[in-house]
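Protein chains in written order, with this note's numbering: chain A, 380 to 986; chain B, 380 to 986.
Glycine included, C-beta positions come from ideal geometry on N, C-alpha and C.
Working notes, structure below.
Protein chains: 2
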Amino acid sequence: MNFTVDFEPIGLRFLCEEPLTISAAACLAGVSLKSECRGRASCGKCKIRVHGSGLSPITQAENEHLSENQLAEGWRLACRTVVSQDVSIYVPVTSRVTAQVFQIDSEIGGVPPTSLVRVLPIKVTPPSLDDQLADLERLAIVLKQEHTIENLWAGLPALKSLRTALREGDWQITVALRGEEVIATYPSSIPTLVGLAVDVGTTKLAFYLVDLSTGQTLATKGVMNPQIAYGEDVMSRLGAAMVDQMNALRLQMEVIQVIDAVAEELCLSRGLTKTHLLDICLVGNTAMHHLLLGLPTRPLAVIPFVPALTAPIGIYADQLGLASAPGAQAYLPPPIAGFIGSDHLAFLLAAGFGEDTRIKLGIDIGTNTEIALQVGEEIVSCSTASGPAFEGAHISHGMRAALGAIERVKISQDGTVHFDVIGDEPALGICGSGILDVLAELRSAGIINLRGRLNPDKPGVRSQNGRLLNFVLVSAIDGRREIMITQEDIDQILLAKGAIRAGIDILMDYLNVSQDDIDEVVIAGAFGTNLDPCNAVRIGLLPNLPVDRVNALGNAAGAGARMMLVSSKARKHAVSLAKKIGYLELTVYPDFNKYFANAVRLPQPLL
Amino acid sequence: MNFTVDFEPIGLRFLCEEPLTISAAACLAGVSLKSECRGRASCGKCKIRVHGSGLSPITQAENEHLSENQLAEGWRLACRTVVSQDVSIYVPVTSRVTAQVFQIDSEIGGVPPTSLVRVLPIKVTPPSLDDQLADLERLAIVLKQEHTIENLWAGLPALKSLRTALREGDWQITVALRGEEVIATYPSSIPTLVGLAVDVGTTKLAFYLVDLSTGQTLATKGVMNPQIAYGEDVMSRLGAAMVDQMNALRLQMEVIQVIDAVAEELCLSRGLTKTHLLDICLVGNTAMHHLLLGLPTRPLAVIPFVPALTAPIGIYADQLGLASAPGAQAYLPPPIAGFIGSDHLAFLLAAGFGEDTRIKLGIDIGTNTEIALQVGEEIVSCSTASGPAFEGAHISHGMRAALGAIERVKISQDGTVHFDVIGDEPALGICGSGILDVLAELRSAGIINLRGRLNPDKPGVRSQNGRLLNFVLVSAIDGRREIMITQEDIDQILLAKGAIRAGIDILMDYLNVSQDDIDEVVIAGAFGTNLDPCNAVRIGLLPNLPVDRVNALGNAAGAGARMMLVSSKARKHAVSLAKKIGYLELTVYPDFNKYFANAVRLPQPLL
């Protein structure tokens, strides 16, 4: 099942594989919609107009927020409308977030495109027996005369394409250049100058097809990382690669094949072919970076976790096995350290780190969570193995933030549970933001104590067959399964939040910062977008800060990747930013265990 | 059947596949032996001492030129000793040519090596949890501190090798650099710094394994071009490539596989592996150049015969499918025009064109013959399709210059034939230099007229079964076949010499030079080495010049390739030389047909 969601007038096409709310689609596609209530349908700010069939029925919340006329015209709330077939969505300016630090948007906020690639229409004199000049030299003369390009050259694949294009185009062609290098030639004009940015995540790959001349994102897609068959986390991937060199090659090839296939799909969705792809920017954690390049990964997996390089690298895409314009390069921004990758750099770039001297905390929550703290001119990052609990994995009824996931939870003192489900569907499980809410609410209601122990005397808490205690969120009705949270789940979540919070506390100690000094917290990732910052503070995931200092950036790594794709200035800035970022190895920090033990605990209730 | 011939004290190893005279082996291996009699065993200058078995018996000529003591010590004449098993040959200084324009020798005359590649032993501090610097950056620090190398970088294959070598070598490695680029790393020291030069001929490939630090040639080999299955000349190869893209790919792959295999063989013969190959220089005609690179060849085969580029190109060897040091490049010097390749450039470089302003004529005789005329600062080259007659092909009893080939011929007025055979064996056929002699002698004896017609009234001339006339060189005795030259053979030879001479005459006309102005004629190729310059003048192949102005250079293209392999200065010089060389298209020259018709005729007898 495949369908497209077009966002207008932005001109962005998003490829979907399963039904989802327009809010979710917008978030994944990188279109920032207003959502003051964070998806609870209470603020009514995410109004959009939608055309197409296969939409979910109008909800009560929409009847309250929209007039009859508006509903008749096709206006809906993005957070309450589920799409499952091709649709076109009109996003009015009033529903878009504009004045944010950074816009995860089709126009990349604040980055005017200064693409490394440019395209010129060229006409040359045809050769004759009196003028047997070679193809490349014939082109060089015109480019020197008309565009003052001095030392024109071309690699082998571009030379082949030039030879064919000149004759097919009857000596009138379109030339794509990177500096003085010919990277592609076409026998006619080309519709758009496009590039591809990919955030290669351990779990998911996020793709962005971008117009290099305007910076506009033309199409996006997210797919699962096929390496997942070798294990869910980075360490099991590295382990698989260590066992057997063939495995390492397979891990590399599977990701490359997926990138190649999705690149083609996105190009085709815009009436282009892969030969139009003129530039590529790939970000990812250091393990993904090394596996993708086929660099030996063993030293990343064993102490002292040393990467092969922390410099940026540009590789001809065909050398990596990626079809594209003949001389197109894949640019991989610098990794920072063994456990801090170029995705973290892209996040910090998108979040404006290094652009001012405010005290800023940046957190990218995932199976591995990277945390950066900026204090004046100094930036220090660390990485912590937080596990997949906040992604809904390894939790009894956990699931990712998809249709049917409980994303908001309220629990009264008497144990009554109120919840919101994505798509207003029957609840199937609970996703990261819901899990975080559950913990905060259980604590507020006094159902768990400071160490997260369920109190068997509280309403809703029970033990089954002598096993550990659990708390029922949704009872089994109409033959659907019961949804509960177990003591084991709570322990998992506390370990995850403890790992993250310990990292934050150690960075603050290392740079001598107290929680009141922090001007801003930026949280990346889908989890950050859905998370209720109040509850993040209530369970102690974040330091005790006013919640208006907390900003969610969505897929900030993907945004940073797009910035580096379209802007040579952004690449330069990112390289100097990377040199500024210090890496702190948490496990050897004095009293690490004490920090961790403290961080696992829940704070005293605030509200 | 494979055996090796070691030339000492030069230290050159030559790999043979069939029995041949030591003179022939020396010539093929690029060792210049004195030979004033041009292989007639009359000058006695090619004395060498040989150790090993499988040598041909001592000849009468050797008994005359060598004392009993010398014979007992193993002294022989190189032109009379055939080797067929592993031997070691001592070449005394007195037997070597030293004061020539250019030395086709293990030390490349006048070119001090200024290799682009250098090798450094490096020791780095091992990483630890307190020092997690990446591999490349760790190396960069030491290279900056100890060798003032500023912006160290590495391509992907070299990065992989670095990662492994650092750990295998326990943080003490050998690093090979091209400028600021790491091209290879070894976990221990390496015995020799080697590169490979290849002259990719239409018929034959000549290989030279060279020590990049001394310029010394370490091993050589010649093998047939496997593309010969697609046709003997350049045009049939281009035709095959045009018919079918798969053919073009096959033509490319077959040559690459041969280069790869011989590279390995030569490396192994010196106790090295291909990972030690740090640089490669490939020369060849423009068709070979394009086929090797996989560039579309159609425009080379049709008017106006335009090449893809006339710039030099450096390609990572692994991109071409050649195994070598991870970051080694294959350097392909610039082709001059569609029918003038980088082999011609290499020849002119080796022959010192562009180094003085004398009037010099350079001729490389082959199926296609390239001719260059230098007058002052000006150099003009042309190409002419002379066919394979001078290589012994398409001649009734023609053969190449191998064991059993008639290489010298004398014919008396009465038709009696005297001849010399390579290796003093029974005659099997006649090679290029013999064919040229036959023509000159038949003319002197008045057996053929100005137009090459055999006179049926002259002794030795006969007609068989009403067919065209022929002249018997060797009668059928002892059951061996008769060897003769037919009227058709003579016509073939006259067309070949006409094509070459017309080219020379047109260049002289174009640059306004008369034959007396010419200071020097340099002839490249094996044919040039065996040819009797007197007879070349007598049949009108060359203008009427004193024969001491004629010099043979052997495989000059291979020599030029070696110069460009070991010397960055030679590369620069060759590129500026290439820009100087004008190309003259003969077929559109005014009165071309008249020049050709004149050139086909034989001159009046001189002697």
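Using a C-beta cutoff of 8 Å, does residue i count as contacting chain B?
| i | result |
| --- | --- |
| T689(A) | yes |
| T564(A) | no |
| R327(A) | No statement about residue 327(A) is possible, as the shown extent of chain A runs from 380 to 986 and does not include it. |
| K539(A) | yes |
| K951(A) | no |
| Q551(A) | no |
| F393(A) | no |
| F971(A) | no |
| V554(A) | no |
| G673(A) | yes |
| P678(A) | yes |
| E804(A) | no |
Have a look at the DSSP bridge pairing and note the partners of residue i.
| i | result |
| --- | --- |
| N930(A) | V901(A) |
| H444(B) | According to DSSP, H444(B) bridges with nothing at all. |
| H655(A) | None, per the DSSP bridge assignment. |
| S849(B) | The identity of residue 849(B) in the sequence shown is Asn, whereas the question assumes Ser. In DSSP, N849(B) forms a bridge with R841(B), T865(B). |
| M603(B) | K583(B) |
| E560(B) | W532(B), R557(B) |
| A819(A) | Per DSSP, none; premise fails for A819(A). |
| A751(A) | G741(A), S760(A) |
| A709(B) | I659(B), I694(B) |
| K413(A) | DSSP lists no partner for K413(A). |
Would residue i be called buried (16 or more neighbouring beta carbons within 10 Å of its own) or exposed?
| i | result |
| --- | --- |
| K973(B) | exposed |
| G601(B) | buried |
| N909(B) | buried |
| R475(B) | buried |
| H776(B) | buried |
| L628(B) | exposed |
| R917(B) | buried |
| Q792(B) | exposed |
| D970(B) | exposed |
If we ignore side chains and look at the alpha-carbon of each, how far apart do residue i and residue j end up?
| i | j | result |
| --- | --- | --- |
| Q449(A) | P398(A) | 24 Å |
| L821(B) | H773(B) | 20 Å |
| E756(A) | L545(A) | 52 Å |
| P506(B) | P683(A) | 7 Å |
| I715(A) | H723(A) | 8 Å |
| E396(A) | C646(B) | 55 Å |
| Q894(A) | M887(A) | 8 Å |
| L833(B) | L728(B) | 42 Å |
| L456(B) | K424(B) | 8 Å |
| A875(A) | V901(A) | 19 Å |
| R392(B) | A642(B) | 14 Å |
| Q871(B) | I809(B) | 14 Å |
| V759(B) | D509(A) | 15 Å |
| D549(A) | I562(A) | 20 Å |
Check whether the Cβ of residue i lies closer than 8 Å to any Cβ atom in chain A.
| i | result |
| --- | --- |
| L508(B) | yes |
| V967(B) | yes |
| N977(B) | no |
| F684(B) | yes |
For residue i, decide whether its Cβ has a neighbour in chain D, counting only Cβ atoms nearer than 8 Å.
| i | result |
| --- | --- |
| P705(A) | The question asks about chain D, but that chain is absent: this structure's protein chains are A and B. |
Say yes only if the C-beta of residue i is nearer than 7 Å to one or more non-hydrogen atoms of the ligand FMN, and no if none qualify.
| i | result |
| --- | --- |
| L575(A) | Absence of the ligand FMN from the depicted structure is noted, as is the absence of any ligand whatsoever, leaving it without description. |
Worksheet item: For the region 621-642 of chain B, which residues have a beta carbon sitting closer than 9 Å to at least one beta carbon of chain A?
Response: none
Discussion item. Under 8 Å, CB to CB, which of the residues in the region 862-878 of chain A have a partner in chain B?
Written reply: none
Practice prompt. Select from the region 513-530 of chain A all residues with a C-beta closer than 9 Å to any C-beta belonging to chain B, and list them in chain order.
Written response: A513, D514, L515, E516, R517, A519
Item to complete: Using a Cβ-Cβ cut-off of less than 9 Å, give me the residues of the region 715-734 of chain B that come near chain A, in sequence order.
Response: A716, G717
Discussion item. Tell me which residues of the region 933-962 of chain A have at least one Cβ-Cβ distance to chain B shorter than 8 Å, keeping chain order.
Written reply: Y962
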